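Chains as they are written, first to last, in the numbering used here: chain E, 50 to 209; chain F, 93 to 365; chain D, 55 to 401; chain V, 4 to 593. We treat Cβ as the ideally placed atom computed from N, Cα and C, and that holds for glycine. This structure is a prediction, so every number in the text was calculated from the model and none was measured.
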Amino acid sequence: MAKLPVQFRLNGSDRATFVDPSSNLLDTLRRGLGDFAPKYGCGQGTCGVCTVLVDGEPQLSCLTLAVTCEGKQIETASGMADGPNLQPLQEAFMDHFAAQCGFCTPGMLTAARALLARNPNPTRDEVVEAISGNICRCTGYEPIIAAILTAASAPGARRA
Amino acid sequence: MLDVRTCASLSEAAGILSGDRQAMLIGGGTLVMRDVNEGRLTEGTLVRVTDPAYRQMSVSGARVELGAGVTMAMVLASRELAYLHAPARGIGGPAIRTMATIGGNLFAATPYGDFTVALLALDAQVVLQAGYGSGRAMPLEDFLAGRERGGQGLVTAVQFSRPQNPSELFFRKIARVKPKGISVLSIAAHLPSSSGRVAQARVAYGAMAPLPMRARGVERVLEGKALDQPAIQAAKQAALEGCRPATDAIASEWYRREILPVHLGRLLAGEPR
Amino acid sequence: MARHEGRGMASVNYPIGMNLGGDPSQALIHSNPDGKFTVALSAIDLGQGMKQVSRQIAAETLGVPVEDVYVDTADSDTGPHDMGSFASRGTHRMGNAIIVAAREARGVLLEAAAEELEVNAADLVTDGRGNIHVRGAPSKTITVKATAQAAQFKQGKTIAGRGIFLIPLSAVDAETGEMNPNTAFAHACLVADVMVDDETGEVEVLRMTSAYELGRVINPRMVEQQLVGGAWMGISHALYETPEPYYPNPEHGPRDFNEYLMPGPGDIAPYHVTVLERPAPDGPFGGKGPGEMCANPVLPAIANAVYNAVGVRVDELPITPEKILRGIKANGGVKQGPRRGGPVNWG
Amino acid sequence: MATMEMRKEIFADERDDNLNVIGKGVQRQDMPGHVTARTRFFDDHAFDGMLHLKVVRSPHHHARIRSIDVSAAERAPGVKRVLRGADVPVNKNTLLSLINFGKDDEPTLAVSKVSYKGEPVVAVIADSEAQALAARKLVRVEYEQLAPVFDVEEALKPGAPVVNETYPGNYFEYHQRFDHQKLRFGDVERAFAQADMVIEERYQMSPIEHAPTETNGSIAAPEHNDRYVVHSCAQGLFFSLGTTAKIVDLESNRLHFIGGTVGGGFGGKVDSLTEPLAVLGAMLTGRPVRYVLDREEEMLYGSPRGAERIYVKDGLMRDGRIVARSIRSYFDAGAYTRLSSYAAIKCTAHLPGPYWIPNVSSDVYVSYTNRCPSTAMRGFGVTAVDFALEVQMDRLAEAANMDPMEFRILNAYRDGDMKAHRRVAKNTALIECVQVAADRANWPLSEQARRASSLGGGAGERSQIPATQLDARGQIGRPDSRSGPPTQVLPPGTMRIPLSKQPIMDGARDGRATPTQVPRYEPQPVAPPPMPAYQPGSQAYQPPPAYAPPPAYQPAPSYQPPPAPPAPPPAAPSQHGAVRFSTVFGTRRR
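See below:
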């Protein structure tokens, strides 16, 4: 089966690669383009560690056909920091010790980023809802929820 | 190996699907891509639809039509569809809802398919297109009955009458995990009232049978009654009529049968779950 | 409908390190020419914080700022042998190996400083901020950086250390079970408050209150991470999880995170922990290891709270709503136990 | 909301808190990497020309393999190699063979029969994951189904289906003598007879899956110098390296394992589920090979925390004292041993929980059943028994009409108490934990309970080893092994195992700085009375020849541990783990 070209903006840069027609976006980002921020956790849409933003909306890259991303804006956790400067969301995750193994963190940050872009002042319930598709097996979620709430109240949080 | 065909029109997609037995529609990808990733689906053609009609919503008239490619996130973004927000929010987390479509939910295997349960309570019709012909509408219940046989054509939209009083549509999903878990069971009830009495009740369950089902016994005993304690008691008595729940990883058949009347009673009484 | 509140408790201890010993850990430490240290291990960080625990133990022992130490793990070409990260052995076993290695490196560092300052190394102390000075005479001082430069470029010394920690393997008696299993134990007591729905059997954990004795706490933020995350896992084990929901019938195994039940972010119970520190005689700075035990008391405490709430003993994990509902029916209704104490005192 | 406070004043006199960075909540070294997504896990490494490995698993719980046909799979697009059991150089292993404990019992790829649903039979290696998945469907395996057994007690009954031919009785063999591990301390039967109440209950923990967000996996790639680099999620790097070296029959220094940054483990990444096949694939194809379990495989076949069934029988006095505790428990190992054999010993050491009880006995079995082999998990050997013991404690408190907290404090072990495994308790703190938790939960305690302390009230009479009734229960080869009769009474104070040695902390040249506490490690001297003239060889019940254990496994040459130093005869434990555990466990001082 011939490979197909696909081109999109990844974290603000134009990127192009060739994929199998049935390749998912996760494999394309990781093995095609070397962006290892989204992780493989299930390939089923049940864990959230592969969450990316497609045109600003959270999407599971493992369930997304790569060819459907032609011309779209893809954002991953590796594009969050502004050079060496962390976003308030990232700083809040650090301050709250909101990661242990760190495997769910890129997906969590991405899910939180989607929430704060839409709703800069979320309630706790809204935070809980926003990360409800993201599994964390280490932290018990509490520090993650606290970090997102802190980031929301931080000056400049809107950038997140 | 798998190929992907992108179709700019619904009729093109319908044509491919009726002509090629190895062709399969891919909507949001939440069902199909899992089968691809896990190696259950390795041959054939994935058919993708980019026709704007596929994602069209007409929500303001008396008759509501939602394209099969409309996502749960689109439902949640629509103020006119507030009465469907509870079932839409019952589907996955935010990322799943960006992707999962109404059409896909019609094909989700039990205990999934909670949005379809709400559509059953709205007496929805499914619009199907077979081959390059024009569409035909079919009651959702009939569509579901024939779903496993396949070959019904491409689902292009669902239609239903907009509830006169949106607050008369109730939805409750009972899950072990909060806020996102799959169903132990789900209940949708459309209970239009006319001078204080239920008229043309439509009650539907998810996960209480191999397919989302109508609770005809409950509908019957509620018809023409005020929603008072005796009526609720009668509804609970009739709740299990026609139920054939499964035992699965989430709950046993016994447990589903035990708690369905409880949750139905609480829903009808306006009590929290 | 009725919901019933109940309260239960459990107290436990937990052995630290591989049972019977025989589980060595090794560490290597070396300094760059400017007095910045690398600790090379083959220990595993699963998220429990092995890297940071190792870093703090190395920095404390060396007497240098924690920022001046990085831990490189795990590469079998550079990190010497370690049994692995399991059995709550990381902090205890590897921590001790790091102390040994860091003491050796510190010895060379102080010898080099002594040579530069023309004093006896035994009279030198570190201030933990990157300086070495004569005890009681802070003005007679040299930086770690200058010492390392002198050691390597002038004196020809390697500021490095190697360490191993091993509790020798011991035997078990076949007939009595006599053995030397462990050298350190951590302790805990946990109180769970639950609400049980007597029509559905559903349990809501309202709050948990615990006290943990963990030996010396190396890093309180990381201890909190373990205890909070572990308590969540305890709730999960108690009420939700199993890959065989109808064990020993092997059917209906969950295939994904939807079917494998665990508490979601909407199921979290408020939790208060008090930490006590009775140092382990042979632990690194008295440290034990909280990583494994922190789920254990939650399971029985919740089971006992459910019993207190509705009078049903569920002796088979997980405590599903079905088992509770069946128990209530078998008992002919709810039998609530005695009230225990008043509102919590988390002040 | 989660809050944590430190109660520094408790045990303050046992600590020197004048430390620089120990005890400080400084930021984790790995946190910047986590929040910027720069942390690299095993799968976050790119290799040109990387191949993908997928395995064909048994659809049956128990079946003989009649035939395997891989010809169609070998011809499928992109397939580079198909592996069968015969391709695995050493296709039988047991994890703890690295410390010489137990017999090799588990194949990497099944050859003649499968013993659990999901057991790997064939591995397919292809250019892409999709091609490997497609080719996997083309492998044809014919099975003849066998009767399975799923219940731990059913499995031990005569005539039960044999799950694991290496252990034909479906139990792990301890000390080459018994079908389980024993604990005997005092005389429980006599104490039960004298107790005011005897309470016996059955507890069951179902299996639990570790469910780390990162599934098990590894990437193996040929490296320069004829070596193989392996990016691994292993929880024990050298454990996995050693296991892999043995299975693929390669010198250990030709393997370069890199890992240490793992997406959660909880015990589920100790088993080296993927490394051997990934390395073998790289050896046979000359290409990098990636083998990652998908989530369904991880959930169903990634080895869970095993189920445990536990019977607890307690003798209780009306005043709340527990005078006897007897436990019979069964670890469900699944089809192969993995680490269950170790857990049973750890569990035995843990009994009877953190309480002082003058008469204790236990019989802990490891049973083989036709399910996925179980393995270590957070709290291994302890979590389930703690559940059983603490629910039992709640029952006992109720039976004694006592508050559960007060009941714990009354029975808590304290410094100086003799534990059932015949070592003195030190550094205890159960009572203080109960007191503080009660205070914070606003759970009132009596003045007496509030005044209790782990530091006092133990030792004395409680430090003595009682006369102990021994028995032959479970002796391998005895026809009535379940009800083995009493054999002899060990006199009070009998100890047969040498006290543990000082920990070895080798490498220090600088004896001056002792920032850690000086190890105080030797158990309190409990004057053992003269050893009774006990000669195990003279006992009547010797295993008949039919049950003689097979020749001891010889470890792979590359993992020969250093030779044991001269030891007291016969084969007392060495300092280096060089002695076979099976021998160690069977050894007693004479």
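- Message: By alpha-carbon positions, which one of F:A327, F:L198, F:R336 and F:I342 ends up nearest to D:T296?
- Response: Position 242 of the third sequence, counted from the start, is the residue given in the question as residue 296 of chain D. The shortest Cα separation from D:T296 among F:A327, F:L198, F:R336 and F:I342 belongs to F:I342.
- Task: Whole angstroms is fine: what's the gap from V:C436's alpha carbon to D:L281's?
- Result: Position 433 of the fourth sequence holds residue 436 of chain V. Position 227 of the third sequence holds residue 281 of chain D. Computed Cα separation, rounded: 15 Å.
- Message: For D:T195 and D:A167, I'd like the C-alpha separation in whole angstroms.
- Response: Residue mapping note: residue 195 of chain D aligns to position 141 of the third sequence, counting from 1. Residue mapping note: residue 167 of chain D aligns to position 113 of the third sequence, counting from 1. Each residue's Cα considered, the two are about 9 Å apart.
- Check V:A559 in the structure and name its three-state DSSP category. Translated into the one-based positions of the fourth sequence, residue 559 of chain V becomes position 556. Its pLDDT being 41, under 50, V:A559 is placed unreliably by the model, and the measurement read from it follows with that caveat. In the structure shown, V:A559 sits in coil (DSSP, three-state: anything other than H, G, I, E or B).
- Environment of V:A581 [buried if 16+ CB atoms lie within 10 Å]: The residue given as residue 581 of chain V occupies position 578 in the fourth sequence. With a pLDDT of 31 at V:A581, under the threshold of 50, the modelled position of this residue cannot be trusted, and the question is left open.
- Using the Cα positions of V:E301 and V:A403, report the straight-line distance between them to the nearest angstrom. Residue mapping note: residue 301 of chain V aligns to position 298 of the fourth sequence, counting from 1. Residue mapping note: residue 403 of chain V aligns to position 400 of the fourth sequence, counting from 1. Going by C-alpha positions, V:E301 is about 46 Å away from V:A403.
- Query: Between which two residues does the alpha helix (DSSP H) containing E:L158 stretch?
  - Reply: Sequence index remark: in the first sequence, residue 158 of chain E carries index 109 (1-based). Element bounds for E:L158: T154 to R167.
- Which bits of chain E does V:E278 rub up against, with CB to CB less than 7 Å? To locate residue 278 of chain V, count along the fourth sequence from 1; it is residue 275. Simply none; closest approach about 18 Å.
- Please classify V:P489: is it buried, with 16 or more other beta-carbons within 10 angstroms of its beta-carbon, or exposed? Here the question's residue 489 of chain V lines up with position 486 in the fourth sequence. Classification of V:P489: exposed, given that the 10 Å Cβ count is below 16.
- Message: Between which two residues does the alpha helix (DSSP H) holding V:H353 run?
- Response: For the purposes of this step, residue 353 of chain V is taken as the residue at position 350 of the fourth sequence. Taken as a continuous stretch (DSSP letters only), the alpha helix (DSSP H) holding V:H353 covers S343 to H353.
- Which residues in the same chain as F:A174 place their Cβ atom closer than 8 Å to its Cβ, once the five residues preceding and following it in sequence are excluded? What you label residue 174 of chain F is simply residue 82 of the second sequence in a count that begins at 1. These residues qualify, in order along the chain: P258.
- Query: Exposed or buried, what is F:G242 when buried is set at 16 or more other beta-carbons lying within 10 Å of its beta-carbon?
  - Reply: Position 150 of the second sequence, counted from the first residue, corresponds to residue 242 of chain F. With fewer than 16 Cβ atoms within 10 Å of its Cβ, F:G242 is classed as exposed.
- Is it true that the CB of D:K342 sits closer than 8 Å to the CB of D:A240? Looking up residue 240 of chain D in the third sequence gives position 186. Looking up residue 342 of chain D in the third sequence gives position 288. Yes, they are a contact pair.
- With 16 as the cutoff for other CB atoms within 10 Å, does E:F67 come out buried or exposed? Taking the first sequence and counting its residues from 1, the one referred to as residue 67 of chain E is at position 18. It is exposed - the Cβ of E:F67 has fewer than 16 other Cβ atoms within 10 Å.
- Task: With DSSP as the reference, please indicate the residues paired to D:T197 in a beta bridge.
- Result: Numbered from its first residue, the third sequence carries residue 197 of chain D at position 143. Note: D:T197 sits in a beta bridge opposite D:N185.
- Item | Residues, ordered as in the chain, of the region 94–116 of chain D that lie near chain E by beta-carbon distance below 9 Å | From the region 94–116 of chain D, only D99, L100, G101, Q102 and G103 have a Cβ closer than 9 Å to chain E.
- Query: Of all the options E:Y190, E:A161, E:K88 and E:N168, which has the alpha carbon lying nearest to the alpha carbon of E:A147?
  - Reply: Indexing the first sequence from 1 puts residue 147 of chain E at position 98. It is E:Y190.
- In chain order, what residues of the same chain lie with their CB nearer than 7 Å to the CB of F:L176, ignoring the 5 residues before and after it? As a working mapping, residue 176 of chain F is identified with position 84 in the second sequence. Excluding positions up to five away in sequence, the list reads V167 and A210.
- Bounding residues of the alpha helix (DSSP H) (the contiguous stretch that carries F:P186): The sequence position of residue 186 of chain F within the second sequence is 94, counting from 1. Boundaries of the alpha helix (DSSP H) around F:P186: P186 to M191.
- Starting from D:N150 and walking both ways along the alpha helix (DSSP H), at which residues does that stretch end? By one-based count along the third sequence, residue 150 of chain D stands at place 96. Residues G149 to L171.
- Query: CA-CA distance, V:S275 and V:E77?
  - Reply: By 1-based counting over the fourth sequence, the position of residue 275 of chain V is 272. By 1-based counting over the fourth sequence, the position of residue 77 of chain V is 74. In this structure, the straight-line span from the alpha carbon of V:S275 to that of V:E77 is close to 26 Å.
- Item | Rounded separation between V:R381 and D:D129 - CA only | Here residue 381 of chain V is taken as the residue at index 378 of the fourth sequence, counted from 1. Here residue 129 of chain D is taken as the residue at index 75 of the third sequence, counted from 1. One C-alpha to the other measures close to 24 Å.
- Item | Reduced DSSP secondary structure (H/G/I, E/B, other) of V:K116 | On the fourth sequence, position 113 is the one that residue 116 of chain V refers to. Correct three-state label for V:K116: strand.
- Item | CB contact below 8 Å: D:M316 versus chain F | For the purposes of this step, residue 316 of chain D is taken as residue 262 along the third sequence, with counting starting at 1. With 8 Å as the cut-off, D:M316 counts as an interface residue toward chain F.
- Item | Residues of its chain near V:T246, where Cβ-Cβ distance is below 8 Å and the 5 sequence neighbours each way are ignored | Counted from its first residue, the fourth sequence places residue 246 of chain V at position 243. These residues qualify, in order along the chain: N96, L98, L101, S275, E278 and P279.
- Task: For V:E75, collect the residues of the same chain with a Cβ closer than 6 Å to its Cβ; drop the 5 residues on either side in sequence, then sort them by chain order.
- Result: Start at 1 with the first residue of the fourth sequence, and residue 75 of chain V comes out as number 72. Before going on, a small fix: residue 75 of chain V reads as Ala here, not Glu. Excluding sequence neighbours, V:A75 sits near L141.
- Minimum C-alpha distance to F:P231 - residue among F:G225, F:G223, F:V250 and F:A222: Translated into positions along the second sequence, residue 231 of chain F becomes position 139. The option with the nearest alpha carbon to F:P231 is F:V250.
- Task: Specify the secondary structure class of E:C99 as computed by DSSP and reduced to three states.
- Result: Locating residue 99 of chain E in the first sequence gives position 50, counting from the first residue. In the displayed model, E:C99 falls within coil according to three-state DSSP, outside both helix and strand.
- Query: Which class does D:M276 belong to by DSSP, given the choice of helix, strand or coil?
  - Reply: Residue 276 of chain D sits at position 222 when you count from the first residue of the third sequence. Helix.
- Message: Using only the alpha-carbon positions, how far apart do V:A66 and V:S118 sit?
- Response: Here residue 66 of chain V refers to the residue found at position 63 when the fourth sequence is read from its first residue. Here residue 118 of chain V refers to the residue found at position 115 when the fourth sequence is read from its first residue. Taking the straight line from one Cα to the other gives about 7 Å.
- Message: Tell me which residue opens and which closes the beta strand (DSSP E) that V:M208 is part of.
- Response: Locating residue 208 of chain V in the fourth sequence gives position 205, where the first residue counts as 1. Run containing V:M208: M200 to M208, per the beta strand (DSSP E) assignment.
- Query: Where does F:D234 land, buried or exposed, given buried means 16+ other C-beta within 10 angstroms?
  - Reply: If you number the second sequence from 1, residue 234 of chain F lands on position 142. With a 10 Å radius around the Cβ and a threshold of 16 neighbouring Cβ atoms, F:D234 comes out exposed.
- In chain F, what lies closer than 7 Å to V:L136 by C-beta? If you number the fourth sequence from 1, residue 136 of chain V lands on position 133. Residues of chain F passing the Cβ test: G131 and T134.
- Flag D:E370 as yes if its beta-carbon sits less than 8 Å from any beta-carbon of chain F, otherwise no. Taking the first residue of the third sequence as position 1, residue 370 of chain D is located at position 316. Cβ-Cβ to chain F under 8 Å: no for D:E370.
- Task: Give the DSSP-derived three-state secondary structure of V:H37 in the structure shown.
- Result: Sequence index remark: in the fourth sequence, residue 37 of chain V carries index 34 (1-based). DSSP, reduced to helix, strand and coil, places V:H37 within a helical segment of the structure shown.
- Query: Thinking C-alpha only, which one of D:F140, D:T201 and D:A155 is nearest D:E172?
  - Reply: Against the third sequence, residue 172 of chain D aligns to sequence position 118. Nearest option by C-alpha distance: D:T201.
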